[in-house]
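Keeping their order, the protein sequence lines are chains A and B. In terms of our numbering, the first sequence opens at residue 297 and continues consecutively. In terms of our numbering, the second sequence opens at residue 3 and continues consecutively. First up is the structure itself, then whatever we jot down about it.
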Amino acid sequence: SQQGEEDPQALSIQEGENATMNCSYKTSINNLQWYRQNSGRGLVHLILIRSNEREKHSGRLRVTLDTSKKSSSLLITASRAADTASYFCAPSGGYNKLIFGAGTRLAVHP
Amino acid sequence: DTAVSQTPKYLVTQMGNDKSIKCEQNLGHDTMYWYKQDSKKFLKIMFSYNNKELIINETVPNRFSPKSPDKAHLNLHINSLELGDSAVYFCASSPGAIDTQYFGPGTRLTVL
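Structure below.
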């Protein structure tokens with residue numbers, strides 16, 4: 297299966313600090329996607345990185361992908377209280393059967 | 003404008019009842035999905051339809067039956083509800099089969 301496994305399970309930081317979350321997976325992929333879920337809400341897509349890309353940026357977000365190690369990381373720079381949420385990675389291969397892990401719960405304290 | 007909408011937002015019902023959850027997307031996407039998120043926050047895919055045709059059907063009890071009247075709608079009907087069906091159900095859509103998915107706000111189902 298292509299389930300992503302996020303690490304750490306929970307992360308608590310102060311506003312202004314950077315947050316790094318890691319994702320590992322087991323099979324080959326077409327792309328890997330990161331999503332955010334605020335409490336009680338649906339998932340919101342953050343970034344899609346293709347298997348032939350190594351790094352991608354979107355605002356304060358930076359995603360890396362190492363297909364040789366089957367791992368990805370999500371870096372949020374200069375975090376804000378509004379970044380408090382759960383973050384999920386979803387490796388995708390073949391039909392878009394995203395299998396989500398348990399996510400990383402990020403808490404950003406003012 | 004709501005991209006992916008679900009109704010109802012909350013659903014509280016007795017065991018044994020039959021209920022439906024509706025999903026509509028106005029993004030012109032070809033592919034739609036249903037996910038179940040349990041109390042431990044694991045999000046599991048249940049079904050996927052591409053242009054009204056079923057393409058993913060995970061190991062889901064046959065009490066759950068998706069119906070896609072057109073490619074903008076994917077409804078989920080659940081027969082003989084059980085306590086273990088209590089969860090948040092999310093609908094999602096994507097332009098094609100390997101693209102970014104757009105999620106609805108979720109339907110919290112509570113079976114008493």
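Here a beta-carbon is modelled for each residue, glycine too, at the ideal position from N, C-alpha and C. No experiment lies behind these values; they were computed from the predicted model shown.
Q: Give me the Cα-Cα distance between residue 369 of chain A and residue 316 of chain A, rounded to the nearest whole angstrom.
A: By 1-based counting over the first sequence, the position of residue 369 of chain A is 73. By 1-based counting over the first sequence, the position of residue 316 of chain A is 20. The alpha-carbon atoms of residue 369 of chain A and residue 316 of chain A are separated by roughly 7 Å.
Q | Cβ of residue 23 of chain B within 7 Å of any chain A Cβ | A | Translated into positions along the second sequence, residue 23 of chain B becomes position 21. Chain A, which has no Cβ nearer than 7 Å to the Cβ of residue 23 of chain B, makes this no.
Q) By the criterion of Cβ-Cβ separation under 7 Å, what are the contact partners of residue 109 of chain B in chain A? A) For the purposes of this step, residue 109 of chain B is taken as the residue at position 107 of the second sequence. Think of a sphere of 7 Å around the beta carbon of residue 109 of chain B: no beta carbon from chain A falls inside it, the nearest being about 10 Å out.
**Q.** Range of the contiguous beta strand (DSSP E) that encloses residue 368 of chain A
**A.** Position 72 of the first sequence, counting from 1, holds the residue named residue 368 of chain A. Counting along the chain, the beta strand (DSSP E) containing residue 368 of chain A begins and ends at 367–372.
Q. What number of angstroms, rounded off, separates the C-alpha of residue 18 of chain B from the C-alpha of residue 343 of chain A?
A. What you label residue 18 of chain B is simply residue 16 of the second sequence in a count that begins at 1. What you label residue 343 of chain A is simply residue 47 of the first sequence in a count that begins at 1. Between the alpha carbons of residue 18 of chain B and residue 343 of chain A lies a gap of roughly 41 Å.
(Q) Assuming contact is defined by CB atoms lying nearer than 7 Å, are residue 387 of chain A and residue 331 of chain A in contact in what I supplied? (A) The sequence position of residue 387 of chain A within the first sequence is 91, counting from 1. The sequence position of residue 331 of chain A within the first sequence is 35, counting from 1. Cβ distance not < 7 Å, so residue 387 of chain A and residue 331 of chain A don't count as in contact.
Q. Would the beta-carbon of residue 110 of chain B fall within 7 Å of that of residue 82 of chain B?
A. Reading the second sequence from its first residue, position 108 is the one you call residue 110 of chain B. Reading the second sequence from its first residue, position 80 is the one you call residue 82 of chain B. Contact: no.
Q | Close beta carbons around residue 72 of chain B, own chain, < 7 Å, minus the five adjacent residues each side | A | Against the second sequence, residue 72 of chain B aligns to sequence position 70. Excluding residues within five positions, the ones whose Cβ falls inside 7 Å are 54.
Q | Whole alpha helix (DSSP H) elements within the region 5–80 of chain B, 4-residue minimum | A | Listed in chain order, there is nothing to give.
Q. Is the CB-CB distance between residue 39 of chain B and residue 113 of chain B below 7 Å?
A. Working through the second sequence from its first residue, we reach residue 39 of chain B at position 37. Working through the second sequence from its first residue, we reach residue 113 of chain B at position 111. Their beta carbons are not under 7 Å apart, which means residue 39 of chain B does not touch residue 113 of chain B by this criterion.
**Q.** As assigned by DSSP and simplified to three states, the class of residue 85 of chain B
**A.** Start at 1 with the first residue of the second sequence, and residue 85 of chain B comes out as number 83. DSSP places residue 85 of chain B in helix when its eight states are reduced to three.
Q: Count the other CB atoms, across all protein chains shown, that sit within 10 Å of the CB of residue 37 of chain B; report buried if there are 16 or more and exposed otherwise.
A: To locate residue 37 of chain B, count along the second sequence from 1; it is residue 35. Result: buried.
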